[in-house]
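To convert, take the position in the sequence shown, counting from 1, and add 2; that gives the working numbering.
Positions of the beta carbon are idealized from the N, C-alpha and C atoms, including for glycine.
The next block holds one structure in the form of structure tokens; read it before the comments.
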Amino acid sequence: MRPFNDSVIYFAVVDRFHNGHAGNDAGCNPDSCDPTHTDWFKYWGGDLSGVAQKLDYLKELGCSALWLTPIFDQIDGLVDVEGRGMAGYHGYWAKDFKRLDEHLAGSHEDVRVFASENTVVDRLVRSMRDLDMKLVLDIVCNHSSPSQRVDTGGRPTKGEIYDDGKLLTSYDDDKLGWYHRNGGVHDWNNKGQVETAELAGLADFNESKIGYRNYIKDAMRLWLDKGVDAFRVDTVKHMPQWFWQEFVSDMVFHKPDLFIFGEWFQGGCYDGLSVNFANKSGMGMLDFALQRGLEECLAKNNGQGFELVENVFKQDHLFDDCRHLVTFIDNHDMPRFMSAGASERRVDMALALILTCRGTPCIYYGTEQYLHNDTNGGADPYNRPMMEKWDTATPAFRLVKRLAALRRENPAIQRGSHRQKYLSPDAYAYTRVYRGSCCLTVFNRGPETRLTLEKIELPDGIYKDLLSDRAVTVRDGRIENLAMGRDSVFVAAYRAPVREKGAMEITFVLNGFRTEYGQHVKVIGNCPELGGWDLEKGFRLEYINENMWLGNIAMPESAGKPIVYKFVVEKDGDGVLYENRPAHSRLLPGEGFMELQHRWA
């Protein structure tokens, strides 16, 4: 699985983004649509044509990946929610995973999305390829749909599932046994109940049935063949880990460079179950722990401030690969950052942090426009307003544009180690460092102050703040009296000369060896790039954290050939420790990228 660390993901609720084709607004049920945009439980008209029309805007923003809410065919009726009728505008109540929802289509023919190669999905994918953008599709494997309020056919409709228009089963006539029947979740500490009971009345799939597993995996392979580059997976903690291991293995086998990340709601480094899932499932994770730290620090003004943020980074060693975490400041399941109490300046600060830290940053649609609606505290559905403006001159837009470009260019941000340089509740500084490249980010949420920073890995010289163009001097690893106004950010960076890239590159990752001071890790092997088993010529990895060493290397002479290799630990003047196992072996592709991750043996 290839992480998206050089990318910035933009997350759009399709129905609330942009209406590019008004003719599809009503769908199959006119009662499900509200063109006045006053009924927050109805469709408002956003569609895939609208998304395609705004790709240039997203490209200018600096986003190179676009995450869309599920676009599968949704139930047509309304569902009773809080005494009101809710439509499936959000995309999480699918009835046919092999069809496109009609509200998002460009024509009636588009609904049978796999019957043609010129649907609105194909056109969107081609346009994204032209802009070098990746498509992330939100998928749901845990459940289908709840009971609908009205069904003109007079039959129960909960959990109806179709295969390209052919009815397969439903909750009330479950001849295939595809659904659990365990009622709702009553004990959230009961793992079995969380995995097999219903979430909010949604018909819960029985993943032990091979027929269901084959259906859902076949559908997702079809979407991958359409051009989807990554999956965001909904409600992963509500299905057993063995299912996800099987699902991820099959998907990555079908598309080896696929990136998958899951939503373990409110999980993160302080939740042992979600950490175990991140390390064992084969997929990345949304970083809820960092989101909570940022919200407490910058939106709610918690007295511990940036200490809450740094404490999250101190737990990175718990993950086998913290690069696979997807960072965010808010999303469609929680109040937006400004609704939680942040000012526009504080939004900018939060964005700067996720754009310069480990993982892959994800920006919720409209954040760059400070979009928010504070009705009912900004909770669902008021966190999903219609996108209102497309101003490319807001401070947030300019900040994202500059730091997204920096992220693409600087390997220290993409894959380096995190090194705290200053920490107090109000002020915070850290560097990201990788093979001579460095990025320094400094924050101040308190009154104007001056900071002296030491042991900065930037080479001596004069650096411009990438957000304000003011200049600072680094001398002997020190920056003295750095003036930081209230709610301000400073970013300076250096990119070391990069060795020539090849047509085939490998990233080696080693977990599970806690090195001591003076120790370092190398990869040696039978190929010239790894020294031909000569320890002196082996490829040295970079220390990321106490559980992770990493390095990427071009393989020009060994591309398309088999190699064998082994990890070794050297300590200056104190001998060599070899892995206690036979050498690893791999057949390298002729071109492209391969990631080889191992645990010390």
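1. Skipping 5 residues on each side, what residues in its chain have a beta carbon closer than 7 Å to that of LYS193?
2. Please confirm whether TYR366 and ASP332 have their CB atoms less than 9 Å apart.
3. For the structure I just gave you, are there three or more beta carbon pairs, one from the segment 476-491 and one from the segment 457-465, closer than 8 Å?
4. Can you tell me whether ASP289 is buried or exposed, with buried defined as 16 or more other CB within 10 angstroms of its CB?
5. Just tell me which of ASN21, GLU104, VAL53 has its CA closest to the CA of PRO32.
6. Tell me, please, which residues DSSP counts as bridged to VAL196.
7. Rounded to whole angstroms, what's the CA-CA distance from GLY592 to LEU139? Just pull it up for me.
8. Got a sec, what are the start and stop residues for the alpha helix (DSSP H) ALA291 sits in?
9. Please work out which residues of its chain come closer than 6 Å, Cβ to Cβ, to THR154, disregarding the five sequence neighbours upstream and downstream, and give them in chain order.
10. Below 8 Å, how does it come out for the segment 483-499 and the segment 513-531: are there three or more Cβ pairs, yes or no?
11. Nearest to LEU292 by alpha carbon, out of ASN313, LYS302, PHE279?
12. Assuming GLU265 and VAL230 make a contact with CB atoms under 8 Å, what is their CB distance in whole Å?
13. CA-CA distance, ASP189 and ALA117?
14. Please state whether the Cβ-Cβ distance between TRP95 and ALA14 is less than 9 Å.
15. Closest by CA to CYS440, which one among GLU507, ILE415, TYR424, GLY463?
16. Which residue from LYS423, GLU411, PRO37, CYS324 puts its Cα closest to that of MET287?
17. At the level of alpha carbons, what is the spacing between GLY343 and VAL311?
18. How far does the beta strand (DSSP E) with GLU572 in it reach, from first residue to last?
19. So, at 8 Å on beta carbons, what are the nonlocal neighbours of ARG631 in its own chain, with the 5 sequence-adjacent residues on each side left out?
20. Look up LEU551 in the DSSP assignment and say whether it is helix, strand or coil.
21. When the Cα of GLY274 is compared with those of PHE321, LEU468, ILE262, which residue comes out closest?
22. Check THR154 in the structure and name its three-state DSSP category.
23. Rounded to a whole number of angstroms, what is the C-alpha to C-alpha distance between ARG583 and LEU408?
24. Using the beta-carbon count (16 or more within 10 Å), is ASN303 buried or exposed?
25. Can you check which of these residues, GLY161, THR198, ASP166, LEU537, is closest to GLY577 by C-alpha distance?
26. Going by CA-CA distance only, name the one from ASP166, SER149, TRP180 that's closest to ALA202.
27. Would you call the CB atoms of ASP2 and PHE308 closer than 9 Å?
28. The beta strand (DSSP E) with TRP69 in it runs from where to where?
29. In chain order, what residues of the same chain lie with their CB nearer than 7 Å to the CB of ARG410, ignoring the 5 residues before and after it?
30. Does the beta-carbon distance from MET222 to ASN144 come in below 9 Å?
31. Can you tell me where the alpha helix (DSSP H) holding ASN278 begins and where it ends?
32. Count the other CB atoms within 10 Å of the CB of ASN216; is the residue buried (16 or more) or exposed (fewer)?
33. Less than 8 Å between the CB atoms is what I'm expecting for SER34 and LYS97, so what's the real figure, rounded?
34. Within the same chain, show all residues whose beta-carbon is closer than 7 Å to that of THR377, passing over the 5 residues directly before and after it, in chain order.
35. Express the C-alpha separation of SER470 and VAL254 in angstroms, rounding to a whole number.
36. Does chain C have any CB closer than 9 Å to the CB of GLN371?
Walking through what the data contain:
1. none
2. yes
3. yes
4. The Cβ neighbour count for ASP289, taken over all protein chains shown within 10 Å, is at least 16; the residue is labelled buried.
5. GLU104
6. In DSSP, VAL196 forms no bridge with anything.
7. 29 Å
8. Looking at the DSSP string, the run of the alpha helix (DSSP H) that includes ALA291 is 290-296.
9. With a pLDDT of 48 at THR154, under the threshold of 50, the modelled position of that residue is not reliable, and the figure given next carries that caveat. Excluding positions up to five away in sequence, the list is empty.
10. no
11. ASN313
12. Wrong, their Cβ atoms sit about 17 Å apart, outside the cutoff.
13. 44 Å
14. no
15. ILE415
16. CYS324
17. 17 Å
18. 564-573
19. Since the first residue of the chain shown is 3 and the last is 603, residue 631 is not available in this structure.
20. The identity of residue 551 in the sequence shown is Trp, whereas the question assumes Leu. Of the three classes helix, strand and coil, the one that applies to TRP551 here is strand, per DSSP.
21. For GLY274, the nearest C-alpha among the options comes from PHE321.
22. Note that THR154 has pLDDT 48, beneath the 50 cutoff, so the model's placement of it is unreliable and no number is given.
23. 41 Å
24. exposed
25. LEU537
26. The option with the nearest alpha carbon to ALA202 is SER149.
27. The requested residue 2 does not occur in the structure, where the chain is confined to residues 3 to 603.
28. 67-70
29. Only ASP8 meet the Cβ criterion.
30. no
31. 274-282
32. exposed
33. That pair is no contact at about 13 Å.
34. TYR384
35. 43 Å
36. No chain C is part of this structure, which consists of one protein chain only.
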